[in-house]
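Take a look at the structure below.
4 protein chains.
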Amino acid sequence: MIITIHPQATSEERAHLMSLLCRMTGSQRPISSTQIANREVIALDGGHLDAQAQNLLQQQNAVERVTVVKTPYQLVSRAFKPESTSVVIGKNRDCTSVIVGDTTASPVIMAGPCAVENKEQLMETALAVKEAGAHVLRGGAFKPRTSPYQFQGLGVDGLHLLSDARDETGLPVVTEVMEPEMVEVVAQHADVLQIGARNMQNFPLLNAAGRNSHKRPVLLKRGLSATIDEWLLAAEYIVAAGNPNVILCERGIRSYDPQTRNVLDLTCVPLLQQLTHLPIIVDPSHATGRSELVPVMSRASIAVGASGLIIEVHPDPNTALCDGKQSITPAQLQKIVHESRMLTHMLQGEAALTHVA
Amino acid sequence: MIITIHPQATSEERAHLMSLLCRMTGSQRPISSTQIANREVIALDGGHLDAQAQNLLQQQNAVERVTVVKTPYQLVSRAFKPESTSVVIGKNRDCTSVIVGDTTASPVIMAGPCAVENKEQLMETALAVKEAGAHVLRGGAFKPRTSPYQFQGLGVDGLHLLSDARDETGLPVVTEVMEPEMVEVVAQHADVLQIGARNMQNFPLLNAAGRNSHKRPVLLKRGLSATIDEWLLAAEYIVAAGNPNVILCERGIRSYDPQTRNVLDLTCVPLLQQLTHLPIIVDPSHATGRSELVPVMSRASIAVGASGLIIEVHPDPNTALCDGKQSITPAQLQKIVHESRMLTHMLQGEAALTHVA
Amino acid sequence: MIITIHPQATSEERAHLMSLLCRMTGSQRPISSTQIANREVIALDGGHLDAQAQNLLQQQNAVERVTVVKTPYQLVSRAFKPESTSVVIGKNRDCTSVIVGDTTASPVIMAGPCAVENKEQLMETALAVKEAGAHVLRGGAFKPRTSPYQFQGLGVDGLHLLSDARDETGLPVVTEVMEPEMVEVVAQHADVLQIGARNMQNFPLLNAAGRNSHKRPVLLKRGLSATIDEWLLAAEYIVAAGNPNVILCERGIRSYDPQTRNVLDLTCVPLLQQLTHLPIIVDPSHATGRSELVPVMSRASIAVGASGLIIEVHPDPNTALCDGKQSITPAQLQKIVHESRMLTHMLQGEAALTHVA
Amino acid sequence: MIITIHPQATSEERAHLMSLLCRMTGSQRPISSTQIANREVIALDGGHLDAQAQNLLQQQNAVERVTVVKTPYQLVSRAFKPESTSVVIGKNRDCTSVIVGDTTASPVIMAGPCAVENKEQLMETALAVKEAGAHVLRGGAFKPRTSPYQFQGLGVDGLHLLSDARDETGLPVVTEVMEPEMVEVVAQHADVLQIGARNMQNFPLLNAAGRNSHKRPVLLKRGLSATIDEWLLAAEYIVAAGNPNVILCERGIRSYDPQTRNVLDLTCVPLLQQLTHLPIIVDPSHATGRSELVPVMSRASIAVGASGLIIEVHPDPNTALCDGKQSITPAQLQKIVHESRMLTHMLQGEAALTHVA
């Protein structure tokens, strides 16, 4: 259940509503509100509130509207907010801002190395992906690695290098954050906070990302074997904590065939478009784990309506410190950028025709 | 290991080779050969034959070439036959013949009802899918149903109706065969023998389909949770039994999220194109189980390079005796046909440009 | 919905009921009945029959009882038949008959080689497993193999060898049947018809096994990734076709970790005991694929209440033509037999105490 | 590769070794050592070090032994430490200390409510599980919940209640920690730090738990769809960070059948016993999600050799704030404790006999 606060509510009316809600729900923690679609809203697990209670809430002066949403996720549901959400990256920063989820534009291409290895590698890659037409630079400073003996990333030094790369190229930067106490420092340097597949249900991290003081958008990857509902509820944590700027990222789910690293579940893109207003992008690099499959699966991602791609690019994939097998070259990226534009163009033309007809 | 028989081998030389092979492999069953790419070939599990044995074989007059293929599948591997295979449907029959796997043409669209229900329903659908641009009529006469209490299809009567529909529309017909002893009768009426997901490892059925006297092509669906290797080995059964005309069909694999019936593994299309010379088509209806997702996933299937689609269409999906939830209307099919042509056109244009460059 | 025919119904009353049922259900195929728990019963997908129709049926002279069962499976459900079913193996044959599902006795141990390789190997193994305490001899004459180039079994010759082994040892024999037309010949030689995991949804085979003229029991293995419902519906096919003697066999399900061949789902045993009256045994050999894990997982299978085990045993596992890695020796089998008796004893003692208290 | 430091190494020799290692591995982070089996050891990803390098290391005065371990996990491998590890819980605290992994004793039973709800509920449950024979009290103060609108636990207040319950009952306490910065406060109150399935690859949390200043043991649950290797590498993070006291806990893996919450993979217990020296316990409550299956699956867990069980118990499961459906009553727990002792007794007797023979 979602309560939309009336924009003209007085602070007294607001306080009255809050205390009413606390009594009604027996909540031990303070009721928090969030800003979504130009309104302050409060989401509740309304399962226990009957029609009478809803009625009472609706009559409060502070309440503009009470919306009953039947899915476990509330604020992220399209049932609550029918218009698609556009997430702006790099706003008020020294870079070109980029919109993810703008259905009239070409898909947003995020590209860069798996891990930031050193200044030269990062800068070379950053310039190359910009040249190839990418809109956002990706690169890992903190790397979640299966083994403690694998390269763990450069940490804060990596963040500084990413900042420098933004200054140099004008590309906004997306990078992973792995623990709540690092959210602020990552948010300071990066333009998008990435939450990785292994942390999709790291709830303290989701809350921290939702509350980040820089209001950086969050790129939320799907968990290794997360259901659609679990994924949307993870997004709900972030939005309920105060940050409506969430981008979902499909990156393959675990399956039984070792031929590919994961199984890319492209059907989830149109399915999510029914269920949520949040934009969805695809990571064909982690999904396949094989660079030669990345261009084709990028094309398919655009074909199903993804709002963007996040792709691992390395100037020399064979020498990459991490995930070289799945990294493509800048030249391959350029083709992907070109093809994704053509495909979008074709699909938009078709949609326009359908609309006219 | 594959032995290509010399086209000028005498029957004496041939017999000599066969007896040598029996001795070498200790095989209790007669060595069988098959016709592939205009040559008679014999495939063996060559794991036990050493270099000396290979040498000896190579020196036989009956032998044109000995090819060592490292995958468990042999005849279906691209390592053995680098050129893509085109499968011709409806040859020498009273219908328009159709080529699956012709990379210079538009994708082949197979469409029709899940089950043949009666003459009116089938004829109405057949004419409608033809009108919409489909090339092949699909429809189940024998239906593998999870429960014995569900509609099991019209059986042989259904085959007759399908035959009539071919005569009426000129569309060749694909229909499922579920047991070895029915292969001949199904092959008599249908133009393609479909082997369903639940029968992908029904080895007697694969053998029977491989030996069908009408030389009908086989549409081999991927098993519910089959690996790529298992699937290709199932195809190998058919080809080794004498029928090189196999079309692979991805139809989704089992996974953990009930949101969709299966997970459509589109990555398998470009992956299979590396591993095998056989053409691959996609069934978005069974993969998703939701009609509203079929158009988008059809588009994505063409985008990854599928040679065709097989789609459930029903004039009135709500009244279908089986799988109505995943059936689309003829009008939706028409849009898919149109879109798949445009997309193929775009991709071929691009490929041509790449080739020139 | 299940209709129990009154034991004193006249053939006229019976015929009247049948024609009523055909009208009510609009069934195109004749209504078939089966014998279960000393009664003739007819199962129907009663979803479409309303209370009035049920009432009408109940009033027929030929009807003893109408039972509404809410699961998709009917005859195999415990809701229909609360008492556990005991399946007798080797009745009226020249061997010691064995009861699967007798809760007062020790678990039934079925053991033998993966494949029948030759007379010596089979006889040696048969005598050894008998000596070790096994009750039933297993061995494959027809082998479903992933690759056409793997050893496919001795076929009918293997059946003869199994028959001889029964004569020699007095152990009844279980062996796999892979196609409907072989059911009768396999049923002639074997005492239990095994339907393998890959054929769990081979519906013509299930029907044929249900109708086998020798009334041999059927051992139905769980499919590679079959749900409990799908498995019970496969059993329902056999029972509905006239054969109530079905033994379910858990043999592991497909998962993502290559460490073991499959994941043994032991929880399904107590779960099935709630849902069905059919007995359940476990195959730890195929489940794990690793002989060193077979003894421990055998013990656990007995601990969860399995009515028996089916285990691959080879006198010399290293030389086995198939699945040597998962075969144990007769000496290891002997320990399993001993331990399973002790464990059953302990659990029965405990149950007795609980009962007294 | 693991380097065991010589116990008599001087600090100069030690420093020399460290700088040699940094040069050899090009490591940017300081080489850390940990205490295991009474020795200081250093684990390295030795993949890049050749025989010559190994030789050089072996010759250092500070080095007692260089061990090459071929699995990606090193310190947790049985190849490195053949003797099983016993983990002591509640040492030097005001409670009865408990040993997990002592093969001569009965399995350790950990029991209590899913979530700490209030003082009365916790105290009542704590006394009841003690009375029933449990050795350790479990209870969640911080609850990882799929939805932000579900009860999230009492937090630090819950920790205080758990501390009080230990004082009252003498049972040591295990509770979950969800973020690195809470490790110290949880370690102050609890006797075992639980890391939940969703956090199995929360690497900062693993590191923090490994470094906790109270040296509390860590109960590491298997991730939702973690492979054995990934799980052992997660344990390796904790051990490599300085804490050798890790208990593995199997709690079911994700699969496709909604009948049970997860699939309990009991085969992993004997498999892990081959691969690691760490003790393994089982959580049948989360694995099945159905209280009626908990007693049977507890018995099976002991049968496969688990060193203990962790079970959800609630005095009144129907009113539980979380996971009531999977909670058993204290009376049911008592039977499980009794049965697990009898079964262990039987298995130890048998093992003794085998040993004598």
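Going line by line, the protein sequences match chains R, L, E and A. Under my numbering, residues 2 to 358 are what the first sequence spells out, in order. Under my numbering, residues 2 to 358 are what the second sequence spells out, in order. Under my numbering, residues 2 to 358 are what the third sequence spells out, in order. Under my numbering, residues 2 to 358 are what the fourth sequence spells out, in order. We treat Cβ as the ideally placed atom computed from N, Cα and C, and that holds for glycine.
Reducing DSSP to helix, strand and coil, say where residue i ends up.
i: L:K222; result: strand
i: R:A227; result: coil
i: L:L138; result: strand
i: L:E340; result: helix
i: A:A358; result: Low confidence applies to A:A358: its pLDDT is 48, below 50, so where it sits in the model is not reliable, and the reading given next is rough at best. Here A:A358 sits in coil by DSSP.
i: R:P316; result: coil
i: A:E125; result: helix
i: A:T261; result: coil
i: L:S78; result: strand
i: A:T345; result: helix
i: A:E118; result: coil
i: E:R146; result: coil
i: R:T170; result: helix
i: R:G159; result: helix
i: E:T277; result: strand
i: E:T11; result: coil
Just grab the DSSP bridge partners of residue i for me.
i: L:C250; result: L:K222 and L:I282
i: L:T330; result: For L:T330, which the question treats as bridged, DSSP gives no partner whatsoever.
i: R:V42; result: R:T5 and R:T35
i: E:T176; result: E:L194
i: E:V99; result: E:I90
i: L:V109; result: L:G309
i: L:V67; result: L:I4
Assuming contact is defined by CB atoms lying nearer than 7 Å, are residue i and residue j in contact in what I supplied?
i: E:I32; j: E:F81; result: no
i: L:N263; j: L:A304; result: no
i: A:L221; j: A:V247; result: yes
i: L:V101; j: L:H136; result: no
i: R:P145; j: R:M124; result: no
i: E:V193; j: E:I281; result: no
i: A:S226; j: A:I196; result: no
i: L:V283; j: L:E237; result: no
i: L:S341; j: L:P181; result: no
i: A:A63; j: A:H7; result: yes
i: A:L207; j: A:A235; result: yes
i: A:V117; j: A:L155; result: yes
Hey, residue i and residue j are a contact pair by Cβ (cut 8 Å); roughly how many whole angstroms apart?
i: L:T5; j: L:E84; result: With a Cβ gap of about 15 Å, L:T5 and L:E84 do not count as contacting.
i: E:S328; j: E:S292; result: 6 Å
i: L:Q151; j: E:D46; result: 7 Å
The segment 203 to 215 of chain L / the segment 238 to 256 of chain L touching (three or more Cβ pairs under 8 Å): yes
The segment 331 to 346 of chain R / the segment 160 to 170 of chain R touching (three or more Cβ pairs under 8 Å): Verdict: no, contact absent.
Segment contact flag, the segment 251 to 261 of chain A with the segment 215 to 231 of chain E, C-beta cutoff 8 Å, min 3 pairs: The segment 215 to 231 of chain E and the segment 251 to 261 of chain A touch, with three or more beta-carbon pairs separated by less than 8 Å.
Any 3 or more C-beta pairs closer than 8 Å across the segment 74 to 83 of chain L and the segment 272 to 282 of chain L: yes
The segment 109 to 116 of chain A / the segment 129 to 136 of chain A touching (three or more Cβ pairs under 8 Å): yes
Stretch pair the segment 174 to 194 of chain E + the segment 135 to 144 of chain E: three plus CB contacts closer than 8 Å: Contact between the segment 174 to 194 of chain E and the segment 135 to 144 of chain E is present, with at least three C-beta pairs closer than 8 Å.
contact_flag[the segment 290 to 306 of chain A, the segment 299 to 313 of chain E] where n(CB pairs < 8 Å) is 3 or more: yes
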